[in-house]
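Under mature numbering (1 follows the signal peptide of the UniProt record, and there is no 0), residues -20 to -1, 1 to 328 are what the sequence shown spells out, in order.
All C-beta atoms, glycine included, are put in the ideal place defined by N, C-alpha and C.
Encoded as structure tokens, the structure appears first; notes follow it.
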Amino acid sequence: MKKIILALAILMVISLTGCGKEETAKEEIYVYNWGEYIDPQILKDFQKETGIKVNYDTYASNEDLYIKMTQSQDKYDVVVPSDYMIERLIKEGLVREIDFSKIPNFANVEDILKNPSFDPENKYSVPYFWGTVGIIYNKAEVKDKVDSWDILWNEKYKNQIIMYNSQRDTLGVALKRLGYSLNSTNEKELQEAKKSLIEQKPLVYAYLDDDGRDVVVQGDANLSVMYSGDALLMMQQNEDLDYVVPKEGSNIWYDSMVIPKNAQNVEGAEKFINYMLEKEVQAKNVEHCVGYTSPVKGVKDLLPDEIKNSKVAYPDFDKLPPLESFRDLGDFIKVYDRIWTEINASNL
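Structure below.
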């Protein structure tokens, strides 16, 4: 009899232990985001408020994220890709529709940022940060009016111009300058863009990535294609710098939260997304990630004056030129790859 009681006790301990593990597993989520893209205190505050622990990993590019989601055994509950990558993930069935009844704070999102081109029915994504692409320039050195992409082709500024070492960004600039979509799949238009970029090459200081920011801040170059978030930070470091979105139009970029199809804790993911849309949380995140623009109404009123009053971070939508998001081009991206290779290989 004692043996039976002992056996039952052991079974009860095992059963309770198993339940405990299952409960613990439900009280954590896995988030995959860009590096240096969240105030770490937010993760602690979320856990304190909800009891859900956030396991947080970072990546450096949308392509790194895609490889992890398609070739790794790792499973995440929330990931934060950019516009064109979100469209690709939707096409390939790698993300799930969001139950917006569980995201009441979505009502706080600016209406103009809802139903984006890459998710037109807003079924899969919730904005995290957004911004524009334009030209940052040194007002003390550049005396011509800066309101057009044309200035990046002005021989007066030879060796003072930085272009992005990125095929979509740089071809997008050339396409917009010519009056075309930055998502063009017209080979004639792309050949025109290629020709213009090859003609521009002798004027270019360098094709650079993030390191181009320091070159401009230090005054070694005076004109550069730049993301608005980076531009605001640079302007705080050098008061001679200013930023403009050219009149021909440009890119509006989104990084948005999505829930992968194989998420293990969808309920926890929904709570995290909803929490990230709270005004106070957004304000804290913006102050940490200086320069990036909140998608939530009223957040700018909670920010320091230098951010709140910035036309770079919080432009008047009505005064912006036509803006486009990058779209997933599918197999046509191979044409962009070839043209980009030809541009890099060219010498004048």
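Annotated three-state conformation of Ile239 is coil, per DSSP.
Within the same chain, Cβ atoms closer than 7 Å to the Cβ of Gly192 are found at Ile142, Ser204, the five residues on either side in sequence being excluded. Nearest in C-alpha terms to Gln217, of all of Asp281, Asn102, Asp235, Val196, is Val196. In the structure shown, Glu219 falls within a coil segment according to DSSP collapsed to helix, strand and coil. By the neighbour-count criterion, in which 16 or more other beta carbons inside 10 Å mark a residue as buried, Phe306 falls on the buried side.
If you look at Asp285, you'll find it in the alpha helix (DSSP H) that goes 285 to 288. For Pro20, the enclosing alpha helix (DSSP H) begins and ends at 20 to 30. Spanning the alpha carbons of Asn139 and Asp311 requires a straight line of approximately 35 Å. The stretch 252 to 312 is shown to contain whole alpha helix (DSSP H) runs of 4 or more residues at 259 to 268, 285 to 288, in chain order. When the five nearest sequence neighbours on each side are left out, the beta carbons in the same chain lying within less than 7 Å of the beta carbon of Asn85 are those of Asn254, Leu257, Glu258, in order along the chain.
Annotation for Leu188: the continuous beta strand (DSSP E) segment containing it runs 184 to 188. Here Met206 is bridged, per DSSP, to Gly114. Non-local C-beta neighbours of Pro226 in its own chain, meaning closer than 6 Å and more than five positions away in sequence, comprise Ser128, Trp129, ordered along the chain. Closest by C-alpha distance to Lys264, out of Asn35, Lys251, Asp281, Tyr46, is Asp281. Bridge pairing for Phe109: Asp235 [DSSP]. Only residues of its own chain outside the window of five on either side were considered, and among them Gln140, Ile142, Tyr185, Val195 have a CB closer than 6 Å to the CB of Ala201, listed in chain order.
One Cα belongs to Met49, the other to Ser62, and the distance between them is close to 14 Å.
Using a Cβ-Cβ distance cut-off of 8 Å, the stretch 169 to 188 and the stretch 112 to 126 are not in contact, since fewer than three pairs of beta carbons, one from each stretch, lie closer than that value. In this structure, the straight-line span from the alpha carbon of Ile70 to that of Lys241 is close to 10 Å. In the structure shown, Ser128 adopts coil according to DSSP, grouped into three states. Taking 8 Å as the upper bound for CB-CB distance, Tyr223 and Gly152 are not in contact here, some 17 Å apart. Going by beta carbons, Val58 and Tyr10 fall inside the 9 Å limit. For Lys55, the CB contacts under 6 Å within the same chain, skipping 5 residues up- and downstream, are Asn242, Gln244 in chain order.
For the 9 Å CB-CB criterion, Asn163 and Leu309 form a contact. Considered as a whole, the stretch 43 to 121 harbours 63 to 71 as its complete alpha helix (DSSP H) runs of no fewer than 4 residues, in chain order.
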